[in-house]
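K.L.:
Take this structure first; my questions come after.
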Amino acid sequence: NDLLTPVKSTSEELNSAAAMGRRFGEALAEGLNRVMHPLESLKSGVSWLLEKLGIVSKEAAKAKLPAQVTQQQSATVNSDGKVVLPPGGFPAYAGMYDTGGIIPRGQFGIVGENGPEIVNGPANVTSRRRTAALASVVAGVMGVAA
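Next up, the structure:
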């Protein structure tokens, strides 16, 4: 029974860490949404200014773009806990890497064993579960309790 105690503890810690990562991802997505939505107000203000200065006619200023162009899209969190940005958001943002994965060259991702950390690619991120398993194997080989 004593042999399973570290495994149960590690499992609880991993589940807690995964939940914290998901909450962080949701908070990050919400923050990105708050940054992106004011751009609509700025666009309206610029259109009004261009119209008043006579640079753009009233007809052109009131022209409506198709809904798929003007519809605001929110950042979301997928089932893996990775933040998914709307198209055209931050092209260099590769996502959240709590579950591991590869961050491509020229992009950045968010990882973190001690809270969120930004990592620039190229990088291979080892998941928490895989890291815990590797630590357990090393501890077993060295004869040290994990």
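In our numbering, the protein residues as written are 12 to 157.
Just so you know, even glycine gets a beta-carbon here, dropped at the ideal spot from N, CA and C.
1. Under a Cβ-count criterion, where at least 16 other Cβ atoms within 10 Å of its own Cβ denotes burial, should G154 be classed as buried or exposed?
2. To which residues of the same chain is G36 closer than 6 angstroms at the C-beta, ignoring the five residues directly before and after it?
3. Under a Cβ-count criterion, where at least 16 other Cβ atoms within 10 Å of its own Cβ denotes burial, should I129 be classed as buried or exposed?
4. Can you tell me whether DSSP reads P143 as helix, strand or coil?
5. If we count the other Cβ atoms within 10 Å of its Cβ and call it buried at 16 or more, is A40 buried or exposed?
6. Could you check the C-alpha separation between G32 and G126 for me, to the nearest Å?
P.N.:
Let me lay it out:
1. exposed
2. V88, G92, V94 and M107
3. exposed
4. Checking the sequence, you will find Ala at residue 143 rather than Pro. Helix, per DSSP.
5. buried
6. 8 angstroms
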